[in-house]
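Undergrad: Order-wise, the sequence lines are chains A and B.
Position 102 (the first sequence) corresponds to 102 in the working numbering; numbering is contiguous.
Going from the second sequence to the working numbering is simple: count from 1 and add 118.
All C-beta atoms, glycine included, are put in the ideal place defined by N, C-alpha and C.
Can you read through this structure? Questions will come right after.
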Amino acid sequence: AQKITQTQPGMFVQEKEAVTLDCTYDTSDQSYGLFWYKQPSSGEMIFLIYQGSYDEQNATEGRYSLNFQKARKSANLVISASQLGDSAMYFCAMRALRGGTSYGKLTFGQGTILTVHP
Amino acid sequence: EAGVAQSPRYKIIEKRQSVAFWCNPISGHATLYWYQQILGQGPKLLIQFQNNGVVDDSQLPKDRFSAERLKGVDSTLKIQPAKLEDSAVYLCASSPTGLMSPLHFGNGTRLTVT
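Listed below in C-alpha cells is the structure:
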C-alpha cells in the first residue's frame, strides 16, 4: 500500500518570497511517479509538476520546483517568488508502475492550504 | 483540447434518494477515474477504468455506488440510496496511458445530501 503525508495543514508566505510545502511518501514499489496539484477555491484541480522515481534531476516548471530526496522518501514543492494567485490548497500525490503498463491508483495526501500575504 | 466535462455542477437531494453524475473525458484518454473529495480532505479514488474495463474499484461502496463506462468513452456514477456522509465533491479525471501522464480533472459535481 502507498501513503502520502502532508504534515502542514496551513502555510503563510509573504508575496514575492519563496515557500516550501512538505510531502513524504511511503511505498514498496521501485518505480513510481510523484505529482503536485493546486486546487483554488473554485475547486478545479490543476496539475503543477511531476517527478519520476528514476529521474536523477529535480523537476522544475517555471516558478515550481520539486525537491526530491529519494532516500528520505520526500518530494517537497518549492514555489519561488510567491504571487497572490498562488493562494490555494496544494496536494501531493503518487502512483506506482506495477508491471508492464499496469499502473496503480493516484493516491493523494491531505493537502496544505497556502495563503500568500501582500 | 477540450477538457473533462462533468454534469451537473451542483446537486441537492434528500437521504435515501438516488443521484447520477456524468463525465465525458478528454478525447483519446484511455483511463478514466472517479474520485470523492470530502471537504477539507484529499480526493479518494472510487473507481478507475482502463477503456471500458474496471482496473480498481476497491474503495467503491458497492452496496450503494455503481459506475459504468460504456464504449470506453463517457461514464456515469450512481448513488442509490444516498446517505448524509455521501455529501462531497465528485471529481472525474482522465489520462492517457503512462506513469508520468498527469490526470486531467473536471470541475466536479458538488453533492449535498440533506
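Can you give the beta carbon distance from K38 of chain A to A88 of chain A, rounded, assuming they're within the 8 Å contact cut?
TA: Contact holds; Cβ gap of about 5 Å.
Undergrad: Quick check on K180 of chain B: does DSSP put it in helix, strand or coil?
TA: Note: K180 of chain B maps to coil in three-state DSSP.
Undergrad: Identify the continuous beta strand (DSSP E) that holds Q166 of chain B and give its terminal residues.
TA: Where Q166 of chain B is concerned, the enclosing beta strand (DSSP E) stretches over 162 to 168.
Undergrad: Does F223 of chain B come within less than 7 Å of chain A when only Cβ atoms are used?
TA: Chain A contact via Cβ: present.
Undergrad: Specify the secondary structure class of L188 of chain B as computed by DSSP and reduced to three states.
TA: Helix at L188 of chain B.
Undergrad: Which residue marks the beginning of the beta strand (DSSP E) containing S31 of chain A, and which one marks its end?
TA: Neither: S31 of chain A is in no beta strand (DSSP E) and is coded neither H nor E.
Undergrad: Just the chain A side, please: which residues come within less than 8 Å of V207 of chain B by C-beta, in chain order?
TA: Correct list: G43.
Undergrad: Can you tell which of B:A206, B:T215, B:P161 has its C-alpha closest to the C-alpha of K129 of chain B?
TA: That would be B:A206, whose Cα lies nearest to the Cα of K129 of chain B.
Undergrad: Taking F47 of chain A as the query, report the chain D residues whose CB atoms sit under 8 Å from its CB, ordered along the chain.
TA: Absent here is chain D; the protein component of the structure consists of chains A and B.
Undergrad: Mind reading off the beta-carbon distance from V231 of chain B to A200 of chain B? Whole number of angstroms is fine, and I expect it under 8 Å.
TA: Indeed they touch by this definition, with Cβ atoms about 5 Å apart.
Undergrad: For a test of the three-state rule: what should DSSP assign to G224 of chain B, helix, strand or coil?
TA: DSSP places G224 of chain B in coil when its eight states are reduced to three.
Undergrad: Assuming L209 of chain B contacts G190 of chain B (C-beta within less than 8 Å), just tell me the rounded distance between them.
TA: At roughly 20 Å, the Cβ-Cβ gap does not stay under 8 Å, so L209 of chain B and G190 of chain B are not in contact.
Undergrad: Here's the rule: buried if 16 or more other CB atoms are within 10 angstroms of the residue's CB, otherwise exposed. What is G146 of chain B?
TA: Flag for G146 of chain B reads exposed.
Undergrad: Distance, Cα to Cα, V172 of chain B vs Q166 of chain B?
TA: Straight-line Cα distance between these residues: approximately 6 Å.
Undergrad: Along chain A, in chain order, which residues have C-beta atoms closer than 9 Å to that of Q154 of chain B?
TA: In chain order: nothing, as chain A lies at least about 11 Å away.
Undergrad: Within 10 angstroms of the Cβ of Y32 of chain A, are there 16 or more other Cβ atoms? Answer buried if so, exposed if not.
TA: The residue in question, Y32 of chain A, is buried, as its Cβ has 16 or more Cβ neighbours within 10 Å.
Undergrad: Within the continuous beta strand (DSSP E) that includes A200 of chain B, where are the two ends?
TA: Counting along the chain, A200 of chain B falls outside any beta strand (DSSP E), and DSSP gives it neither H nor E.
Undergrad: Report yes if the C-beta distance between Q51 of chain A and L34 of chain A is below 7 Å; otherwise report no.
TA: It is a contact, given that the beta carbons lie within the stated cut-off.
Undergrad: Please look up how many angstroms separate the CB atoms of V122 of chain B and I131 of chain B, rounded, as I've assumed it's under 8 Å.
TA: V122 of chain B to I131 of chain B, Cβ: 23 Å. No contact.
Undergrad: Counting only C-beta atoms, is G85 of chain A closer than 7 Å to chain B at any point?
TA: Taking Cβ atoms only, chain B never reaches closer than 7 Å to G85 of chain A, which makes this a no.
Undergrad: Per DSSP, which one or two residues make a beta bridge with N76 of chain A?
TA: Answer by DSSP bridge pairing, in chain order: A:N67.
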